[in-house]
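Here is the structure we will look at.
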Amino acid sequence: MTTLLSTPSQTVGPFLSIGLTWERAEYVVPEGTPGSFWIRGRLLDGAGEPVPDGLIETWQADPYGNLGHSVPPVRPAGGGGSGFGGFGRAMTGPDGQYGLLTVKPGRVTDAAGGWQAPHLDVSVFARGLLHRVVLRIYFADEAEANSADPVLCSLPDDAARATLVARPNGDGGYILDIRLQGARETVFFAV
53 MTTLLSTPSQ TVGPFLSIGL TWERAEYVVP EGTPGSFWIR GRLLDGAGEP
103 VPDGLIETWQ ADPYGNLGHS VPPVRPAGGG GSGFGGFGRA MTGPDGQYGL
153 LTVKPGRVTD AAGGWQAPHL DVSVFARGLL HRVVLRIYFA DEAEANSADP
203 VLCSLPDDAA RATLVARPNG DGGYILDIRL QGARETVFFA V
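Residues 53 to 243 in the numbering used here are what the sequence shown spells out, letter by letter.
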């Protein structure tokens, strides 16, 4: 009897983007959608250097708190329904920059029947990672909701929470840098 060994794990190589890019994937909503804005930032490595070939993938509720794939649907905070898919994907550029055009998600319930603050679920893929890393992006102008969000509140201190909170950037959008390691490393979740 032959015993087969498992293939060893390997980091993602220099051809990460093949098959992962699609035209206009950075548009979660079409240009001109009421309430739409750009969320931008940079993907940085442990030395603070840009990661030029990463992939930022987001998934979110629509503005009413409806989650596009939920069966049964997750109860929304606002009502309504739009057929909104809520999925986006942006490659980072040579300077590590990413950008996604989206709308602010509505609040959804948590497992205990409370409310989560508006947030984007994010997966990051990059050369050198064995597996994706997962984070959330919250919004600084949702301070009241953020202060009651069970995930955000589970973090040990304000510095950790700040790594997940996007700041308004002055043009109606938001900015959040994602740091893979080192000083001010972004909080990543085990999923």
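We put the CB at the ideal spot given by N, CA and C, even for glycine.
Backbone secondary structure at LEU107 - three-state DSSP: strand
PHE240 and VAL186 closer than 8 Å at C-beta: yes
Identity of the residues DSSP links to PRO220 by a beta bridge: TYR226
As assigned by DSSP and simplified to three states, the class of ARG213: helix
Length at least 4, wholly inside the segment 139–200: the alpha helix (DSSP H) runs in chain order: 195–200
Nearest to VAL81 (by Cα), restricted to the options THR110, VAL155 and ASP105: VAL155
Proximity test, Cβ basis, 8 Å: ARG179 and chain B: Absent from the structure: chain B. Only one protein chain is present.
Other residues of its chain near GLN149: CB distance less than 6 Å, five sequence neighbours each side excluded: ARG94
Cut-off 7 Å between Cβ atoms - residues of its own chain near THR85, not counting five sequence neighbours on either side: VAL155
Buried versus exposed call for PRO146 [16 or more other C-beta atoms within 10 Å across all chains shown]: exposed
Residues near VAL123 in its chain [Cβ-Cβ closer than 8 Å; skip 5 each side]: For VAL123, the pLDDT reaches just 43, beneath the cut-off of 50, and the residue's location in the model is therefore unreliable, although a value from the coordinates is still provided. Around VAL123: no qualifying Cβ.
LEU216 beta carbon less than 8 Å from that of ARG236: no
Close-in-space but distant-in-sequence residues of the same chain around ASP97 (CB under 6 Å, 5 per side omitted): VAL103 and LEU232
Nearest-angstrom Cα separation, counted from PHE89 out to GLY225: 5 Å
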